[in-house]
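Here's the structure we're looking at; comments come further down.
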Amino acid sequence: MADFQAIAEALIRGDHETVSTLTKAALDEGERAEVILEDGLIAGMKVIGVRFKNNEIFVPEVLVAARAMKAGLAHLEPIFAACGIEPCGRFLIGTVKGDIHDIGKNLVGMMLKGAGFEVIDLGVNTSLQKFVDAIEQYKPHLVGMSALLTTTMGQMKVNIDAFREKGYLDRMKVMVGGAPVSREYAGKVGADGYGKDASEAVTVALQLLDQVKAAAQ
Ligand code: B1M
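For any residue, its number in our numbering is found by taking its place in the sequence shown, counting from 1, and adding 712.
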């Protein structure tokens with residue numbers, strides 16, 4: 713049986729090679745990607761979050777843990793992103809301005825792809841102008857914003873207000889998420905949807921897509 717604890721421990725040590733090897737081995741043994749993610753990679757990252765908060769570790773250690781997480785996710789991505797169906801809708805996603813956290817956003821993007829979305833990823837530290845330019849260019853059904861910092865989550869409201877002013881909200885919906893973001897906060901900033909994690913994000917995205925398509929008819 714796969715040793716999820718060993719994956720978590722390797723991630724905590726920042727040992728990206730071991731995380732990669734053990735993640736691949738777990739998949740080869742037939743473990744489900746969702747279980748490897750939750751019980752191995754995310755479990756390890758939670759410990760990093762607590763130690764970081766308690767000043768037991770600092771940015772360099774968190775960076776190597778993030779690199780290890782990405783090494784594991786690289787094996788899971790083809791599974792999460794595989795769908796083999798015609799794209800059902802277009803989803804533009806980015807981490808807001810001032811914020812460079814991207815692991816959660818990437819995970820949401822992978823799972824949206826797996827659910828059949830065409831995903832356009834604007835990356836991290838995404839300015840309002842970059843969102844606006846991409847909305848003009850790609851005409852997405854949905855725009856998703858991720859924020860991990862209490863200091864950057866306010867940018868979601870700035871962006872949504874600008875989208876409303878430009879008339880974009882008549883033809884697309886907005887979703888938000890990220891560790892400090894709650895359902896209540898999402899409502900407050902005028903988002904149409906919120907996902908507490910990547911799988912909820914997909915469920916909500918599919919519901920909102922139906923609404924966008926129904927409104928367009
Ligand atoms: Co940062 N960091 N960090 N960090 N970091 C946090 C967020 C923090 C909570 C740590 C702590 O103190 N416990 C804290 C924020 C405190 C606060 O705002 N109140 C913090 C801080 C302070 C900082 C710096 C300011 C530190 C410094 O420089 N002194 C700095 C900021 C840099 C910046 O952005 N300008 C910083 C830097 C970094 C690293 C670069 C070292 C690294 C990021 C690497 C990377 O992303 N490439 C990092 C990391 C790794 C973390 C923690 C430890 C882990 C984040 C993570 O990847 N989690 C984090 C601690 C924590 O979150 N508890 C922390 C795993 C990931 C799968 O979960 O991102 O929550 P998450 O995504 C989930 C859901 O939130 C949701 O689905 C995902 C999958 O389930 N979701 C969505 C996310 N986006 C969504 C969008 C949706 C829907 C759902 O719809 C569109």
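For glycine and all other residues, C-beta sits at the position ideal for the given N, C-alpha and C.
Keep in mind that this is a model prediction, so the values were computed, not measured.
### Query
How about F764: is its Cβ closer than 6 Å to a heavy atom in ligand 1?
Taking the sequence shown and counting its residues from 1, the one referred to as residue 764 is at position 52. Yes, the beta carbon of F764 sits closer than 6 Å to at least one heavy atom of ligand 1.
### Task
Tell me whether the beta-carbon of T864 lies closer than 7 Å to the beta-carbon of V836.
As a working mapping, residue 864 is identified with position 152 in the sequence shown. As a working mapping, residue 836 is identified with position 124 in the sequence shown. Contact flag unset, no.
### Task
Enumerate in chain order the residues of its own chain whose CB-to-CB distance from D751 is below 6 Å, with the five nearest sequence positions on each side excluded.
Looking up residue 751 in the sequence shown gives position 39. Excluding residues within five positions, the ones whose Cβ falls inside 6 Å are F716.
### Task
Give a single yes or no on whether H853 has its beta carbon closer than 6 Å to a heavy atom of ligand 1.
Numbered from its first residue, the sequence shown carries residue 853 at position 141. Because no heavy atom of ligand 1 lies under 6 Å away, the Cβ of H853 does not count as near it: no.
### Query
By a C-beta neighbour count over all protein chains shown, 10 Å radius and 16 as the cutoff for buried, is K817 buried or exposed?
Reading the sequence shown from its first residue, position 105 is the one you call residue 817. The residue in question, K817, is buried, as its Cβ has 16 or more Cβ neighbours within 10 Å.
#### Entry: L861 in three-state terms, based on DSSP
Sequence index remark: in the sequence shown, residue 861 carries index 149 (1-based). The answer is coil: DSSP assigns L861 none of H, G, I, E or B.
### Task
Would you tell me roughly how many angstroms separate the C-alpha atoms of A913 and L824, rounded to the nearest one?
On the sequence shown, position 201 is the one that residue 913 refers to. On the sequence shown, position 112 is the one that residue 824 refers to. C-alpha separation (whole angstroms): 8 Å.
### Query
Can you find a heavy atom of ligand 1 that lies under 6 Å from the Cβ of V774?
Residue numbering aside, residue 774 sits at position 62 when the sequence shown is read from its first letter. Yes, since a heavy atom of ligand 1 falls inside the 6 Å radius drawn around the Cβ of V774.
### Message
Does the distance between the C-beta of I724 and the nearest non-hydrogen atom of ligand 1 fall short of 6 Å?
### Response
The residue labelled residue 724 in the question sits at position 12 within the sequence shown. No, ligand 1 has no heavy atom inside 6 Å of this Cβ.
### Query
How would you label P892, buried or exposed, when you count the other beta carbons within 10 angstroms and need 16 or more for buried?
As a position in the sequence shown, residue 892 is number 180, starting the count at 1. P892 comes out exposed.
#### Entry: Beta-bridge partners of I832, as assigned by DSSP
As a position in the sequence shown, residue 832 is number 120, starting the count at 1. DSSP, once it has assigned bridges, lists L804 as partnering I832.
### Reference E830, options F875, V855, S839, I812, closest by Cα
One-based indexing of the sequence shown puts residue 830 at position 118. The shortest Cα separation from E830 among F875, V855, S839, I812 belongs to V855.
#### Entry: Nearest residue (CA-CA) to V820, options L881, A737, L804, I812
Indexing the sequence shown from 1 puts residue 820 at position 108. The residue with the shortest Cα to Cα distance from V820 is L804.
#### Entry: Of the listed residues T862, I872, V731, K851, nearest to V924 (C-alpha basis)
To locate residue 924, count along the sequence shown from 1; it is residue 212. Per the Cα distances, K851.
### Local conformation of V901 per DSSP, three classes
Residue mapping note: residue 901 aligns to position 189 of the sequence shown, counting from 1. Note: V901 maps to coil in three-state DSSP.
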